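Q: First residue of the sequence shown? That's 967 in my numbering, and the numbers climb one at a time after it. Please find one structure pasted underneath; my questions will follow.
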Amino acid sequence: MSREPSQRLKSKDQISTEDDVRYFDELYQGQLDWTASTRKHLYRQMDLFHAEQVLEVGSGTGAILREIHTINPRARLFGLDRNLVALEYSQKKATDETLILGDATLLPFSSQSFDIVVCHYFLMWIEDPITTLREIMRVTRFGGWIACLAEPDYGGRLDFPDSEIWKDLLLNSLSAADPFIGRKLRTYFYQVGLKAHVGLQSVVLPSDTVNNLYEAELAKLERFISPENNIKLKKLTEFFKTHKTEELFSFMPVFYALAHRTE
Ligand SMILES: C[S@@+](CC[C@H](N)C(=O)[O-])C[C@H]1O[C@@H](n2cnc3c(N)ncnc32)[C@H](O)[C@@H]1O
């Protein structure tokens, strides 16, 4: 499912103020924890430790850039994002990466500039993933690597209690271009001429984590859903209270794609 541009990016999803940027940075850091082991594996595959020039497209508040810096402090790191407030926040926390305000569909770099180009929770927000991937491929050198480190697929989420209401509200809360991007990574890479290794990191969480997660998610839903869904949210919250922590279950499919640019 993709949506009309006019239906997309509700103001609540935009980072506009200092409060927003802190809120979203915390959110992004949380997402980082979920998929840490897969990223470690992908960094090894790409030989990140020896890369000289690395770009993150859609670098947001800089969470991934900071992680990459700790792994390979010698690499020249670049982050590109179209949100100035996020970039300014990233700059304050930055080590010595170069941050650029720009659009992913027209990257301001010469062809074959980078050994590695990554993105993380990014393609789901993009209206035109094919043009974006073509640009990413153009700026990656022959023999370099392209990695979507994590892209979720909300349609594949399973929860107890009450999967369907969760899914319904989650989808309503998101103004992403494509909340089902995960399952499409392989075809998008294929369409730009890249042979990707696509994998699934199934995040099944232990029940105490799920309990915290649900509390955080209920608060998040309250912020992001449209008012006509408040009754559903209330019902879900009540239902949730009638179950013990030990009964809770959550499965969130998060996909990755890794490709070597051979030509
Ligand atoms: C969910 S955030 C992820 C941030 C970061 N990758 C992380 O995981 O911490 C997605 C980011 O993509 C940026 N973005 C969306 N569309 C973009 C575009 N066309 N060009 C550049 N950045 C874009 C947004 O501004 C936002 O900062």
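Note that beta-carbon positions come from the ideal geometry of N, C-alpha and C, so glycine has one too. In this text, all values refer to a predicted model and were calculated from it rather than measured experimentally.
May I have a chain-ordered list of the alpha helix (DSSP H) segments no shorter than 4 residues that lie completely inside the region 1192 to 1220?
A: Within the region 1192 to 1220, the complete alpha helix (DSSP H) runs of at least 4 residues fall at 1196 to 1207.
Q: If the criterion is Cβ atoms closer than 8 Å, does the pair Tyr994 and Thr1027 meet it?
A: yes
Q: Closest to Phe1044 by C-alpha separation, out of Glu1022, Glu1054 and Tyr989, would be which residue?
A: Glu1022
Q: Are the beta-carbon atoms of Phe1221 and Gly1148 separated by less than 8 Å?
A: yes
Q: Considering Cα atoms alone, identify which of Glu1204, Ala1041, Pro1095 and Asn1196 is closest to Ala1142.
A: Pro1095
Q: With DSSP as the reference, label Glu1018 as helix, strand or coil.
A: coil
Q: Give me the DSSP bridge partner(s) of Glu1117.
A: Paired residue(s): Phe1221.
Q: Do Glu1101 and Ala1070 count as a contact pair if the criterion is CB distance below 8 Å?
A: yes
Q: At what residues does the beta strand (DSSP E) containing Asp1125 begin and finish?
A: Leu1124 to Phe1126
Q: Quick one: using the 10 Å Cβ neighbour count with 16 as the cut-off for buried, is Arg1005 buried or exposed?
A: By the neighbour-count rule (16 or more Cβ atoms within 10 Å), Arg1005 is buried.
Q: Would you say the beta carbon of Ile1147 comes nearer than 7 Å to a heavy atom of ligand 1?
A: no
Q: Return yes when the C-beta of Trp1000 is under 7 Å from any heavy atom of ligand 1, and no when it is not.
A: no
Q: Cβ of Ile1112 within 7 Å of any heavy atom in ligand 1?
A: no
Q: Would you say Arg1032 and Gln1078 are within 8 Å of each other, going by their C-beta atoms?
A: no
Q: Alpha carbon to alpha carbon, what distance is there between Val1020 and Leu1053?
A: 17 Å
Q: Taking the alpha helix (DSSP H) that Phe990 falls in, what are its first and last residues?
A: Glu984 to Trp1000
Q: For Arg1010, does the count of other Cβ atoms within 10 angstroms reach 16, so buried, or fall short, so exposed?
A: exposed
Q: At a threshold of 7 Å, does Tyr994 count as lining ligand 1 (C-beta to nearest heavy atom)?
A: yes
Q: Cβ of Gln997 versus every heavy atom of ligand 1: is any distance shorter than 7 Å?
A: yes
Q: Check whether the Cβ of Leu1008 lies closer than 7 Å to any heavy atom of ligand 1, and answer yes or no.
A: no
Q: Which one or two residues does DSSP pair with Thr1064 in a beta bridge?
A: Phe1044
Q: Take Cys1114 as the anchor and find which of Asp999, Met1012 and Ser1192 has the nearest alpha-carbon.
A: Met1012
Q: How about Glu1048: is its Cβ closer than 7 Å to a heavy atom in ligand 1?
A: Residue 1048 is actually Arg in this sequence, not Glu. For ligand 1, at least one heavy atom lies less than 7 Å from the Cβ of Arg1048.
Q: On a CA-only basis, which of Ile1191, Arg988, Phe1146 and Ile1131 is nearest Ser1056? Give me that one, please.
A: Arg988
Q: State the CB to CB distance for the pair Phe1215 and Tyr1180, rounded to an integer number of angstroms; the pair is presumed to be in contact (CB under 8 Å).
A: Not quite, the Cβ-Cβ distance comes to about 11 Å (not below 8 Å), so this is no contact.
Q: Cβ of Leu1160 within 8 Å of Cβ of Ile1082?
A: no
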